[in-house]
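Mind the numbering: the sequence shown is residues -23 to -1, 1 to 474 in mature numbering (1 follows the signal peptide of the UniProt record, and there is no 0), read in order.
What follows is a single structure, written as structure tokens, with notes after it.
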Amino acid sequence: MARARIRLTAPLMAAALVGAGFAALSLAPGQAAAATAGKADRADDFNGDGYADLVSGAAGGTVSGKAGAGYVAVTYGSPTGLKATNKILISRSTAGVPGSAAAKEGFGAYVTKGDLDGDGFSDLVIGSTKSTTGAVVLWGSASGLTGGTGIATYGRTPQVGDFDGDGKADLALLAAMGSYGDDPEHQAAALWKGPITRAGAPAKKLNFMDKSEWWGYGKDDATCVDDPSGCVDGPDSTTGPVFFEAVGDLNGDSRDDLALRSYNGDGMWNNTVLYGSAAGFKRGWAPETQGALAAGDVNGDGIDDLVVGSDPEDSDIGDTMQKVTLAFGSKDGLKGDRTQEFDQSLPGFYGAQEDGDHLGSCVAVGDVTGDGKADVALGISGEDFSGQTDAGAVALLPGSANGVTGTGSVVLNQNSADVPGVAESGDLFGSDCALLDVNGDGSRDLAASATGENDSSGAVWTFPGSANGVTGTGSIALNPTDLGAPDAKAFFGSPLK
């Protein structure tokens, strides 16, 4: 992996750092809301100042001497964007956060955000890879994130959305699989209906994982015991292990839907959509491609679409044949005959489709240019150039009435003009990405990470957005050292939210 350092700010070595990990940090607040607020989406804004705040996971980070315990960095937005000085670091060793740092917990591997308690400030949910530790909610306020509420059991891929259309944010929760192998035996999932109190009490709990249909085991659905009337059984149930991936209104009914990766048995995975309703979920079709997922209104028809990245591990078709799939939303939801498939051969898209590029290593969807059509950010983490293998790149492709277009697309890497750093083999630039308005000017900015940077320490870049797309001019980069955080094998920047 590449070892050269990128440097934009002087290192801020927090007093709470002890060796390669955290001591008990107090949860330092961000700046209070400014009198003149920006224009960022409320779901991206923890302190209500109108500037989006960026969440960067570092699940591999060493905390309190525990390798792989993991942490999260939140950098608050401002009129001038992100600054290393305006941030907080959150781990299991942070004062007010339930639990304690544990080796290989992977705290920060999963994050989601939204206003769970209905107070006008977005809240942050942090999950981990370890099966027994559950998740933590940090609550938004005018001074930034504060407190910490533990959610037992459910720590995998949480997602926030208004799934029943009542105007209140709900929280979809998932536990780790109880066993592994070709046919795992059980997994718990629940929907916590909002509002959710700061004591961790939802307005209602809906369990929607039907274990009775898993591989013919015939077991009773234990997750439905608490609320049998709320369970989604039979053909509408979710069967087998799943990973929640993306949220959007894919059928235009003013209720969010949940796109997920579902297990089909014998080591095979697929994608599925759970359509939200007042009573629960109904299962529907999604593209089979096994890449990253994100939702947004790419063609501007008022209904969200689903973008699915390519899968570099699909040996049946090979990397050179892989494509990103855009499934168009409609009043009938997603259908197999309403899709657009493309790769780097799309007219106007810079570069050429090559083996191992991994187009769609990350996917983010949002309107950067302000034309009412969502643009699509795609990681190309396996891109080779200038003699560097897997240096990586990130692209922004404009949305249009006909879907994604290569005309006006932008591709950026560490060798692009005005971009900090130098592209090196193994950087994996484009590992993850997000679109959010960190400077509050009404245009979403592009955040992209390179988890292989500096021997897997990782780093995150932000590129300013405008009516013309995104540019390297004015871009910045931050790594763990800039933030006063542990850097060794932190994989900083995965995920980004």
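Every residue, glycine too, gets a C-beta built ideally from N, C-alpha and C.
In this structure, the CA atom of residue 111 is about 20 Å from the CA atom of residue 473.
In this structure, the beta-carbon distance from residue 227 to residue 283 falls below 8 Å. Remark: C-beta atoms of residue 168 and residue 250 do not approach each other more closely than 8 Å.
Bounds of the alpha helix (DSSP H) holding residue 432 are 430 to 433. In the structure shown, residue 329 adopts coil according to DSSP, grouped into three states. Residue 166 carries a strand assignment under DSSP once its states are collapsed to helix, strand and coil.
Collapsing the DSSP output to three states places residue 21 in a helix.
For residue 135, the enclosing beta strand (DSSP E) has its first and last residue at 131 to 138.
Looking at 222, 285 and 348, the one whose alpha-carbon comes closest to that of residue 318 is 285. Within the same chain, Cβ atoms closer than 6 Å to the Cβ of residue 170 are found at 147, 179, 180 and 181, the five residues on either side in sequence being excluded.
The Cβ atoms of residue 423 and residue 66 do not sit closer than 8 Å to each other. The C-alpha of residue 78 lies about 13 Å from the C-alpha of residue 49. Residue 452 places its beta carbon less than 8 Å from that of residue 441.
In this chain, the beta strand (DSSP E) harbouring residue 89 covers 87 to 91.
As summarised for the stretch 43 to 110, the continuous beta strand (DSSP E) elements at least 3 residues long and confined to that stretch are 48 to 52, 64 to 68, 87 to 91 and 100 to 104, given in chain order. Residue 122 carries a coil assignment under DSSP once its states are collapsed to helix, strand and coil. Comparing alpha carbon positions, the residue from 348, 309, 358 and 345 closest to residue 332 is 358. Annotation: residue 438 to residue 455 spans about 6 Å, alpha carbon to alpha carbon. Nearest neighbour of residue 64 by Cα position, chosen from 80, 237 and 53, turns out to be 53. The shortest CA-to-CA distance from residue 61 to any of 457, 71 and 371 is the one to 457.
Contact check for residue 406 against residue 370 passes: the beta carbons are separated by less than 8 Å. Distance from the Cα of residue 379 is smallest, within the candidate group 220, 399, 277 and 259, for 277. Per DSSP, residue 260 is one residue of the beta strand (DSSP E) stretching across 258 to 262.
Here the C-alpha atom of residue 75 lies approximately 6 Å from the C-alpha atom of residue 125.
The beta-carbon distance between residue 411 and residue 337, rounded to whole angstroms, is 15 Å. This is too long to meet the 8 Å contact definition. For the pair residue 128 and residue 150, the CB atoms are nearer than the 8 Å cut-off. The bridge partners DSSP lists for residue 406 are 369 and 427. A distance below 6 Å between beta-carbons, with the five flanking residues on each side excluded, links residue 330 to the following residues of its chain, in chain order: 320, 321 and 322.
In the DSSP annotation of this structure, residue 145 is not part of any beta strand (DSSP E), being labelled neither H nor E. Residue 394 holds the alpha-carbon nearest to the alpha-carbon of residue 450 among 81, 394, 467 and 341. Sequence-distant Cβ neighbours of residue 15 in its own chain, meaning closer than 6 Å and more than five residues away, are 27, 28 and 417. In the three-state DSSP reduction, residue 222 falls in the strand class (E or B).
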